[in-house]
Amino acid sequence: MSHPITNESTIPVIDVRTIIPRERHPLIFQTFDNLDEGQAFMLVNDHEPKPLYYQFLHERENQFSWEYLEEGPETWQVRIGKCAGA
Numbered sequence: 679m680s681h682p683i684t685n686e687s688t689i690p691v692i693d694v695r696t697i698i699p700r701e702r703h704p705l706i707f708q709t710f711d712n713l714d715e716g717q718a719f720m721l722v723n724d725h726e727p728k729p730l731y732y733q734f735l736h737e738r739e740n741q742f743s744w745e746y747l748e749e750g751p752e753t754w755q756v757r758i759g760k761c762a763g764a
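Here the sequence shown stands for residues 679 to 764, where the numbers follow this note's numbering.
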């Protein structure tokens, strides 16, 4: 269960379109790990981040929320949050 995020403008945005591919997932997981319970960040990508979702399922099972805010075809935006107890 995650806490609602009440103000979208206050959450950090990580636009990985400008980041070297091999550095993307480590940065995303570092950002997630630094969140407090109930906090979230916005991921912006130029392709469907489904592999990242599966990595979260494997490495952070039951610790995250995943909400698509935009689903292509050129830009994907996902709000990734840290659940209570994570």
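C-beta: ideal position from N, C-alpha, C; glycine also. Predicted, not measured: the structure shown is a model, and the values here were computed from it.
- Rounded to the nearest angstrom, the gap between the Cα atoms of LYS728 and ARG702 is 14 Å.
- Note on geometry: alpha-carbon atoms of PRO751 and LEU721 lie some 15 Å from one another.
- Rounded to the nearest whole angstrom, the CA to CA distance from GLN741 to PRO699 is 24 Å.
- Distance from the Cα of ASP693 is smallest, within the candidate group GLY763, HIS725 and GLY759, for HIS725.
- The beta carbon of ILE689 sits closer than 8 Å to those of ILE683, GLN717, ALA718, PHE719, MET720 and ARG757, all from its chain and outside the five residues before and after it, given in chain order.
- According to the DSSP assignment, ILE706 belongs to the alpha helix (DSSP H) that extends over 699 to 711.
- Contact check for TYR732 against TRP744 fails: the beta carbons are separated by 8 Å or more.
- Put simply, of THR753, GLU715, ASP714 and LYS760 the residue whose alpha carbon is nearest the alpha carbon of LEU735 is LYS760.
- Assigned with DSSP and collapsed to three states, GLU737 falls in helix.
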